[in-house]
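Trainee: Below you'll find the structure I mean.
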């Protein structure tokens, strides 16, 4: 793959990820990780680290995507900062543990569980299966524990946590727009802690390509961030204007195909 084509791919990927981050509150990682793995395969990166590099790079880009998305949701008064503060410590600890867990897995194993996770999330999105509001928002200990679990899984799969945080908050009777906005805010500590941990666990790995900082591939990071920051506010504004159900179903079908590709 030529350098020009790679730059174009990462810019388009960043635009899509940024829009999805704002529109669905999912952080874009569900798209970024699979596409990065495919691009790394085309570049003949070692299969032992391609998935790890995709996860770490995805988390690093979400740090910047989430900032733009948070700003837009905050302007719409859709971020519950009390919930964010209560979950933050658990999120950071969980994300660091998730990155360490990923580093202990082989490349093939990590790709396999990413594929399974993508398919499960796609089916959930397509069928619009969400827990019905059944309880109030828990206290700080409960929110901290939930944050730890969400942070661990998110860092393991390279996502911003929205696919897990939004259903959890909806279950706790948080209205949907506030759940999406609060999820976007929670994505920042997930991505920040997860990216740092991936840089540390991958530092000086013998099979890293040049221009890598641990498990973060800098050319992909730069291209995706450049476009995603610009488009995150677009998605956040659309989230407050459009019924995104049809878009979700189309996106879910795409994810199912991507997940199947990983499994076979």
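Residue numbers (our numbering): -9 to 254.
Quick reminder that beta carbons are idealized off the backbone N, C-alpha and C, glycines included.
#1: So who's on the other strand from residue 207, going by DSSP bridges?
#2: Tell me the DSSP secondary structure of residue 193 in three-state form.
#3: What three-state label does DSSP hand residue 188 in the structure shown?
#4: When you compare the CB of residue -5 with every CB in chain B, is at least one pair closer than 7 angstroms?
#5: Give the secondary structure of residue 246 by DSSP, where H, G and I count as helix, E and B as strand, and everything else as coil.
#6: Contact check, residue 85 vs residue 183 under 8 angstroms by CB: the rounded distance?
#7: Ends of the alpha helix (DSSP H) at residue 107?
#8: At what residue ranges does the region 144 to 173 contain a whole run of the beta strand (DSSP E), taking only runs of 3 or more?
#9: Rounded to the nearest angstrom, what separates residue 139 and residue -2 at their Cα positions?
#10: Rounded to the nearest angstrom, what separates residue 125 and residue 254 at their Cα positions?
#11: Using the rule of at least 16 other Cβ atoms within 10 Å of the residue's Cβ for burial, across every protein chain shown, is residue 29 buried or exposed?
Mentor: Short version:
#1: Taking the chain shown and counting its residues from 1, one reaches residue 207 at position 217. DSSP, once it has assigned bridges, lists 202 as partnering residue 207.
#2: The sequence position of residue 193 within the chain shown is 203, counting from 1. DSSP places residue 193 in coil when its eight states are reduced to three.
#3: Here the question's residue 188 lines up with position 198 in the chain shown. For residue 188, the three-state secondary structure derived from DSSP is helix.
#4: Looking for chain B here will not work: only one protein chain is present.
#5: In the chain shown, the residue the question calls residue 246 occupies position 256. The three-state secondary structure of residue 246, taken from DSSP, is helix.
#6: Translated into positions along the chain shown, residue 85 becomes position 95. Translated into positions along the chain shown, residue 183 becomes position 193. Indeed, because the Cβ distance is near 4 angstroms, the residues count as touching under 8 angstroms.
#7: Locating residue 107 in the chain shown gives position 117, counting from the first residue. Counting along the chain, the unbroken alpha helix (DSSP H) around residue 107 starts and ends at 97 to 117.
#8: Entirely contained in the region 144 to 173, not one beta strand (DSSP E) run reaches 3 residues.
#9: To locate residue 139, count along the chain shown from 1; it is residue 149. To locate residue -2, count along the chain shown from 1; it is residue 8. Straight across, the Cα-Cα distance linking residue 139 with residue -2 is about 35 angstroms.
#10: The sequence position of residue 125 within the chain shown is 135, counting from 1. The sequence position of residue 254 within the chain shown is 264, counting from 1. The C-alpha of residue 254 is placed about 40 angstroms away from the C-alpha of residue 125.
#11: Stepping through the chain shown from its first residue, residue 29 is reached at position 39. It is buried - the Cβ of residue 29 has at least 16 other Cβ atoms within 10 Å.
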